[in-house]
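Here's the structure we're looking at; comments come further down.
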Amino acid sequence: MELAHFWGILFISLHAMVPITLAAIGETIEESAGLFNIGLEGILLLGALAGALGAQASGSAIIGLMTGITIGAAVGLIFGVISTTLRGSQLISGVGINLFALGFVALMLTVMGAPGFHSVARDVQVPLIHLGVGSLSPLVIVTVILAVAVWWLLRRTQLGIWIRAVGENPAAADVAGLRVNALRLGAAIAAGAFAGLAGAYLSVDWFGAVTKEITAGRGFIALAIVVFSGLNPLLALLGGFIFGFFDGLATWVATYPGVKDIIPWQFVAMAPYIVTLAVVAGVIGRVKFPKALGVPYMRE
Amino acid sequence: MLPSSWRRRFNPIAESLLAGLIGLIIGGFIMLAFGYNPISAYRSLFFGSFGSTYSWAESLANATPLILTALTFAIAMRGGLFNIGAEGQLYVGALAAVAVSLMHLPSPFNLVVSLLAAMVAGMIWSLPVALLKLGRGVHEVISTIMFNWIAHFFAFYLIANVLTDPKRGERTISIVESARLTRILPMATLNSGILISLITVAVILFFLWRTSAGFEVRAAGYNQEASHYAGISLRKQVLRVFLIGGAIAGLAGAVQVMGRPPYYAVMSGLPQLVNLGFDGIGVAMIGRNHPIGIVFAAIFFGGLMTGGRIMQFDPGVPFELVRVIEGVIIIALAVPELRRLISRFRRKRKHEN
Chain W
1 MELAHFWGIL FISLHAMVPI TLAAIGETIE ESAGLFNIGL EGILLLGALA
51 GALGAQASGS AIIGLMTGIT IGAAVGLIFG VISTTLRGSQ LISGVGINLF
101 ALGFVALMLT VMGAPGFHSV ARDVQVPLIH LGVGSLSPLV IVTVILAVAV
151 WWLLRRTQLG IWIRAVGENP AAADVAGLRV NALRLGAAIA AGAFAGLAGA
201 YLSVDWFGAV TKEITAGRGF IALAIVVFSG LNPLLALLGG FIFGFFDGLA
251 TWVATYPGVK DIIPWQFVAM APYIVTLAVV AGVIGRVKFP KALGVPYMRE
Chain V
1 MLPSSWRRRF NPIAESLLAG LIGLIIGGFI MLAFGYNPIS AYRSLFFGSF
51 GSTYSWAESL ANATPLILTA LTFAIAMRGG LFNIGAEGQL YVGALAAVAV
101 SLMHLPSPFN LVVSLLAAMV AGMIWSLPVA LLKLGRGVHE VISTIMFNWI
151 AHFFAFYLIA NVLTDPKRGE RTISIVESAR LTRILPMATL NSGILISLIT
201 VAVILFFLWR TSAGFEVRAA GYNQEASHYA GISLRKQVLR VFLIGGAIAG
251 LAGAVQVMGR PPYYAVMSGL PQLVNLGFDG IGVAMIGRNH PIGIVFAAIF
301 FGGLMTGGRI MQFDPGVPFE LVRVIEGVII IALAVPELRR LISRFRRKRK
351 HEN
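Top to bottom, those sequences are chains W and V.
Quick note, the first sequence lines up with residues 1 to 300 if you use my numbering.
Quick note, the second sequence lines up with residues 1 to 353 if you use my numbering.
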């Protein structure tokens with residue numbers, strides 16, 4: 001294999017790593033606090049739409065990303081309120097968020113006059129950093145920094161201990177004077193913000209367009225990566241890269257003459273999902289999750 | 001005063017109706033925000049879905065596969081499992097039905113074998129989910145979603161390379177005429193698939209409440225630990241739920257491809273199959289995971305789909321709004337405050353009486 005191919009695959013892998021990892025590390029905060037948001041996929045989708053609209057309205061990619069973060073945080077807030085103060089079902093509200101997002105994004109795309117597809121003008125996309133061997137999105141670096149920062153937050157700060165305490169044993173945390181629902185709500189908003197950024201990255205940076213299928217299960221893959229990581233953001237980064245590599249490999253194989261004649265593209269496209277399954281099945285036994293994950297807290 | 005068994009049934013129905021109302025109201029506000037007239041849109045939606053014999057027939061035709069995918073979800077939910085794999089299982093079910101057509105079996109057999117093949121294909125697609133859960137502890141939400149995507153690309157491959165109609169590259173060969181489900185009305189797409197769905201409802205109803213295996217499923221759903229100590233094998237229970245669910249979801253794919261005119265073939269891009277599995281989850285939730293509730297919820301969803309198409313033409317509101325409404329209804333259902341609202345309302349009524 002020529003060196004150019006190596007760089008090509010590496011760069012696609014890094015770009016494919018970003019959305020999954022961002023969503024996964026946000027969800028890591030949330031699951032550490034005891035909430036399980038299956039609606040991640042929907043938040044990604046809404047973030048992608050919001051990011052594109054924000055970038056176009058303002059003419060700035062940064063504002064586009066911020067719009068994605070804001071909308072993601074808002075949906076995270078709704079999910080958080082339902083899961084904490086209203087003591088609702090996290091699985092049902094998550095499914096509702098996914099359905100709503102699917103409908104709403106498709107609706108907006110139709111209203112904007114381009115059913116199913118809306119491209120983002122190149123001059124409001126995130127500018128790439130040009131290296132000698134290829135171009136890299138600055139969001140790749142941001143993702144690595146955020147993964148380290150969240151690891152530090154959860155494992156090395158007082159706030160991190162509090163977050164993990166309300167996930168592990170909310171009743172004890174409550175007795176110790178922690179505000180269980182406030183901490184969980186904050187974690188839900190943070191997870192929404194991360195997923196919103198991941199979505200905005202898809203539209204304003206990586207693909208430069210919004211479609212109904214833009215997320216392609218990445219929210220669910222992020223959930224799988226969280227399982228793989230055992231709530232360690234650094235391992236989530238690694239998991240995101242593994243997925244990104246196979247995603248990148250699939251894109252590369254699908255376009256590389258000679259290879260695509262031997263292996264049909266559909267089988268290559270399955271690879272990331274099969275690998276995710278294999279990886280999750282391979283590590284699962286040793287992973288320990290918070291005891292109160294998914295259980296609403298009610299003061300006795 | 002109503003007897004308590006009636007009250008127990010009334011509350012979930014009232015909750016679903018209230019959630020439905022909230023969904024329609026918020027949907028109305030969204031229409032206003034986009035500059036549509038919600039009243040004329042809802043009028044068109046209602047008459048489009050239930051205003052005539054034809055629209056009733058179309059709504060029932062849309063409900064047919066949804067009843068089945070909702071049952072897949074509901075039976076798992078009754079057993080305490082979250083199976084969102086109907087989507088992929090129905091793809092392989094539909095393609096298995098088409099594949100049997102290639103065997104050119106004699107007349108009544110090809111229809112029966114097609115249905116059975118779809119059920120088996122759904123079970124095969126569902127089995128690894130159960131095995132991964134039992135053997136490796138992989139949560140079914142993750143594995144079913146991954147299998148849905150694998151099924152998606154596998155279906156694309158089969159449509160483009162294996163089951164392709166030699167004359168029409170964009171779809172599979174059509175199911176032979178003798179293996180098609182008969183149409184009930186000459187104009188509408190409603191077909192005898194609705195009977196298959198209703199029979200399945202009756203079977204699941206009987207299974208869950210009249211057999212010991214069904215009792216074990218429900219017991220595990222109420223309290224997994226207690227049912228384990230009562231001697232119910234978790235292994236058997238997980239396998240049972242996923243295999244039955246897979247068979248029903250496969251059947252959903254089969255009735256859709258064997259029953260819906262005009263092509264009786266799976267189109268490339270799976271337009272007539274995509275999202276039926278996910279919509280089934282919504283149907284099951286609104287039907288409170290009860291087979292009878294599911295029938296009504298599926299007719300409601302089927303009606304939204306039929307009327308949504310009409311609404312698209314008349315006041316010009318995009319069809320996608322229907323799914324927005326569905327999402328809001330589900331989110332509303334997740335909120336237990338609704339339940340308290342209803343009981344407060346009932347208490348007030350009692351005082352007034």
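Ideal Cβ positions, reconstructed from N, Cα and C, are used throughout, including at glycine.
As assigned by DSSP and simplified to three states, the class of residue i
i      : result
V/N148 : helix
V/A117 : helix
W/L136 : strand
W/T211 : strand
V/I175 : coil
W/L131 : strand
V/N191 : strand
W/T21  : helix
V/M1   : Because the pLDDT of V/M1 is 48, which lies under 50, any placement of that residue in the model is unreliable, and the number read from its coordinates should be weighed accordingly. Correct three-state label for V/M1: coil.
V/T164 : strand
V/R43  : helix
V/R323 : helix
V/R183 : strand
V/V317 : coil
V/A249 : helix
V/I330 : helix
W/L291 : Correcting the residue type first, residue 291 of chain W is Lys in the shown sequence and not Leu. Looking at W/K291 - three-state DSSP - the assignment turns out to be coil, as it is neither helix nor strand.
V/N62  : helix
W/G59  : coil
V/P12  : helix
Proximity below 7 Å, CB of residue i to CB of residue j
i      : j      : result
W/E30  : W/A173 : no
W/T211 : W/I12  : no
V/G354 : V/T64  : Absent from the model: residue 354 of chain V. The displayed extent of chain V is 1 to 353, so no value can be given.
V/L45  : V/G277 : no
W/G88  : V/P336 : yes
V/A33  : V/A254 : no
W/G59  : W/A200 : no
V/L239 : V/A130 : yes
W/L136 : W/I129 : yes
V/G401 : V/V217 : Examination of residue 401 of chain V is not possible in this model, given that chain V is present from 1 through 353 alone.
W/G76  : V/I331 : no
W/P264 : V/Y36  : no
W/V18  : W/T143 : yes
W/L40  : W/A23  : yes
V/L116 : V/R235 : no
V/L132 : W/A278 : no
Contacts around residue i, its chain only, beta-carbon distance under 6 Å, and the 5 residues preceding and following it disregarded
i      : result
W/Y297 : P170, V180
V/R183 : N191
W/S229 : L235, A236, G239
V/A57  : L185, A188, L190
W/G94  : N37, I38, G39
Integer-rounded CB distance, given that residue j should sit under 8 Å from residue i
i      : j      : result
W/I63  : W/V150 : So it is not a contact: roughly 24 Å between Cβ atoms.
V/L338 : V/L18  : 6 Å
W/A224 : W/E27  : About 10 Å; that fails the 8 Å criterion.
V/A94  : V/V266 : 5 Å
V/M77  : V/N289 : 5 Å
W/F104 : W/L46  : 7 Å
W/V305 : W/G34  : It is not possible to answer for residue 305 of chain W, since the shown part of chain W is limited to 1 through 300.
W/A254 : W/V120 : With 8 Å as the limit, W/A254 and W/V120 do not qualify as a contact, their Cβ atoms being about 23 Å apart.
W/H5   : W/V140 : That pair is no contact at about 19 Å.
Beta-carbon contacts of residue i that lie in its chain and below 7 Å, excluding the five residues immediately before and after
i      : result
W/W7   : V133, G134
V/M1   : Because the pLDDT of V/M1 is 48, which lies under 50, any placement of that residue in the model is unreliable, and the question is left without a value.
V/N62  : G302, M305, T306
V/V324 : G27, I30
W/G160 : L153, L154
V/I281 : F73, I84
W/I274 : none
heavy atom of the ligand NAD below 6 Å from residue i C-beta
i     : result
V/F73 : The ligand NAD is absent from the structure shown, which contains no ligand whatsoever.
Nonlocal neighbours in the same chain, by C-beta distance under 8 Å from residue i, ignoring five residues either side
i      : result
V/V113 : V100, M103, L105
V/A230 : A219
is_contact[residue i, chain B] using C-beta, thresh 7 Å
i      : result
W/P264 : You won't find chain B in this structure, because its protein chains are W and V.
What are the uninterrupted segments assigned as alpha helix (DSSP H) that are 4 or more residues long and contained completely in the segment 259–289 of chain V, given in chain order? Listed in chain order, the complete alpha helix (DSSP H) runs (minimum 4 residues) inside the segment 259–289 of chain V are 276–286.
What are the uninterrupted segments assigned as alpha helix (DSSP H) that are 4 or more residues long and contained completely in the segment 72–143 of chain V, given in chain order? For the segment 72–143 of chain V, the continuous alpha helix (DSSP H) assignments of 4+ residues that do not extend past its boundaries occur at 86–101, 107–136, in sequence order.
As an exercise, report each continuous alpha helix (DSSP H) stretch of at least 4 residues that is fully enclosed by the segment 162–192 of chain W, in chain order. Fully enclosed alpha helix (DSSP H) runs of 4 or longer: 170–175.
Write down every uninterrupted run of the beta strand (DSSP E) in the segment 61–143 of chain W whose length is 3 residues or greater and which is fully enclosed by it, in chain order. As far as the segment 61–143 of chain W is concerned, its whole beta strand (DSSP E) runs of at least 3 residues are 117–119, 129–131, 134–136.
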